[in-house]
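Residues in the sequence shown are numbered from 9 upward in steps of one, following the numbering used here. Cβ coordinates follow ideal geometry from the N, Cα and C atoms, glycine included.
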Amino acid sequence: MEIKDNQLLRQFEIMTPDGLLVLEYAIQERKLFLTKLHHPENLEIDICNEFIKTVLAFAEEKRFKVVPTHPKIAHFFRKNPVYKELLPPGIKL
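Structure, rendered in structure tokens:
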């Protein structure tokens, strides 16, 4: 999955057959804050999950800690405990 990192708008983007999937972020002190997830209404959940996994792989590669501030991202972390190691100390979901 090829993700575009639009640094000007501070968002990760991918074009799907249903439309544009966008994950807004902010970077502060080696932490990646995932703030908003915009997706088309009829988008499959599997595509959205793969998109989030790819973004988390990017964060792991850059050695960022991830702070999920959007409810859907926090829900993803709850469903996938493998990624809990990316959370900074003191963050519990």
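With fewer than 16 neighbouring CB atoms inside 10 Å of its own CB, Pro96 falls in the exposed class.
Cβ neighbours of Met9 within its own chain (closer than 8 Å, five residues either side excluded): Ile22, Glu58, Phe59, Thr62.
The alpha-carbon separation between Leu28 and Thr43 amounts to approximately 17 Å. Here the alpha carbons of Pro25 and Glu49 stand approximately 12 Å from one another. The three-state reading of DSSP puts Asn50 in coil, since its state is none of H, G, I, E or B.
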